[in-house]
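Quick note: the sequence shown uses numbering that gives the first Met the number 0, first residue 0, plus one each step. We treat Cβ as the ideally placed atom computed from N, Cα and C, and that holds for glycine.
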Amino acid sequence: MRLIPRSARRYAALAGVALLFAGLEAQEIAPTTGISLPVLGQVAPRAAKEITSSPWSIGAETIDRDFTVYANFKKHLGPLGAKGVRLQAGWAKCEKVKGVYSWDWLDAIVNDAVAQGVLPWIEFNYGNTIYPGGGDTGLGGGFPSSPEALAAWDKWCRALVERYKDRVSEWEVWNEPDINHAGTAPVGAYVDLYIRTATMVREVQPKGRLWALALAGNIDYADKFLAGMKAKGKLDLIDEITFHGYPRNPDDTTPVDKLRAVIAKHGGTMSIRQGETGAPSKFQENFALSKITFTETTHAKWDIRRLLAHRAKDVPMNLFTLSDMHYTQASNQGGADGVLRMNYKGLLGTNPDQTVSHVKPAYYAAQTVFAIFDDSLARMPDYASASTALRALTLSGYRRATDGAQVVAFWFADAPPADANGVSLADLTLKAGRFSDPVLVDVRTSTVYALPKGSWSQSTSGTVFRALPVYDSPMLIAERAVLRITSATR
């Protein structure tokens, strides 16, 4: 059962969400201190099946190399509320004997995810060493290059789309080719690999969507890729460009502007999507954001700030990732020497046997974001505000199309987030604010607070909120009608 913060136990009601949390073990969520507002309850989670559409996806990567085990964490997928899940198909896992495909492992994942209301998007990824010139099987390696290997790649990719086209309609080609450790993944080769793969998808599934690059961060690589695609008259094969990133400051979305500029330079019409980003929940020696002190509290803060920073730029996002990963196979990041290297970016902690040990606070924090920020909310551009806070605020506003109900997200832009959770108080003026029954939400703890009548005022010039609690984790001012709140009784 989900553990509720000590300061919140008197009001938390689990009646409406008990089924979602049945059988889950969780870590204690550190309370937020310094808030004296009346507590109304908690934001009720929404399972993926309850959400029509949203910009959110959750990572289930690396199953193709057995760094995670889907069967161990699948019960946590649907209740999270993300509408998409990123999967790496793994040519080398599917075809271990030439011409013979093993689909059982991927069938089980795709079918279960779809049954839970989560739509898989599948990446054609990595090479296969059973073929001479078959490319490398891990991150930063080379593409298939020999005629035999390329013909086998084509055959496997086609078989993959044919098998899942009734359940999957979004396809990503390769993972982070710009890392290119061995110099065996040059841009020109990626252009050729992308075109041959994307052309096949359009033949088999004309309405399928094609995602390019899964860029690790090299904008110049993206620039040259688009130039190469344009030169061949194939820009129309790209529906979206996916990119990755792990900055110390979760609010940093600089690549968004850079990629949009590069796309405009080449006359492209494709959109962009954050395909992989997330923080660890503890200090780790390897992988992105390594050698930095993180806790399960700062992990939660970083992840939800990252989600909402992308939402503020209308960029769909895949949160990396659902389960902690055990890197034990040969790759550039771990395993060739037989040493286990843990990547603690999962919303779920794991045991040595890769089973789930506990649900981290970040799971519930992300669940709250997914429950509220579905596609029914649209961002309000240039949402003007003023604050008496002595530290920089990040703020964005949203409106529900059906009734105009607003939600405003705000937090201190400190980076990286701190482990302490004490609030400061500040007045906040929202010039486009229009509220009739606003409440305050602490996203990290899912707690909903009442805003007494004397604490805010509405006029034709906007809404003024007085003595609002603020810290380096997202708070929301939300029209109460937008939320589902659990009962205030336990």
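query: Mind checking Val84: buried by the 16 CB within 10 Å criterion, or exposed?
result: buried
query: Which stretch, first to last residue, makes up the beta strand (DSSP E) that contains Asp426?
result: Ser423 to Leu429
field: Whole-Å CB distance - Ile57 paired with Leu321, under 8 Å assumed
entry: 5 Å
- request: Hey, could you find the ends of the alpha helix (DSSP H) Ile108 is sitting in?
  value: Asp103 to Ala114
Candidates Asp426, Val481, Gly77 and Arg272: closest to Ser456 by CA position: Asp426
message: For a test of the three-state rule: what should DSSP assign to Ser454, helix, strand or coil?
response: helix
query: CA-CA distance, Trp102 and Trp90?
result: 11 Å
query: Apart from the five residues on each side of it in sequence, which residues of its chain come closer than 7 Å, Cβ to Cβ, to Ser356?
result: Gly348, Thr349 and Asn350
- request: State the DSSP-derived secondary structure class of Pro119, mapped to helix, strand or coil.
  value: strand
field: Ala299 and Lys344 closer than 9 Å at C-beta
entry: no
Given Ser460 as reference, the closest of Leu439, Ala466 and Arg433 once Cα atoms are compared: Arg433
message: Please report the straight-line C-alpha distance between Leu439 and Ala43, rounded to a whole angstrom.
response: 14 Å
- request: Using alpha carbons as the reference points, say which of Ala46, Asp323, Thr31 and Gly33 lies closest to Val368.
  value: Ala46
message: In the DSSP output, which residue or residues are listed as bridge partners for Asp235?
response: According to DSSP, Asp235 bridges with nothing at all.
query: For Leu36 versus Pro437, is the C-beta distance shorter than 9 Å?
result: no
- prompt: Any idea if Leu288 is buried or exposed, counting beta-carbon neighbours within 10 angstroms, 16 or more meaning buried?
  reply: buried
message: Given this structure, state the Cα-to-Cα distance separating Gly141 from Ala215, to the nearest angstrom.
response: 15 Å
query: Alpha carbon to alpha carbon, what distance is there between Gly244 and Leu212?
result: 13 Å
- prompt: Buried or exposed: which applies to Asn420, given that a residue is buried once 16 or more other Cβ atoms fall within 10 Å of its Cβ?
  reply: buried
message: Checking 9 Å against the spacing of the C-beta atoms, do Gly33 and Val422 come in under that value?
response: yes
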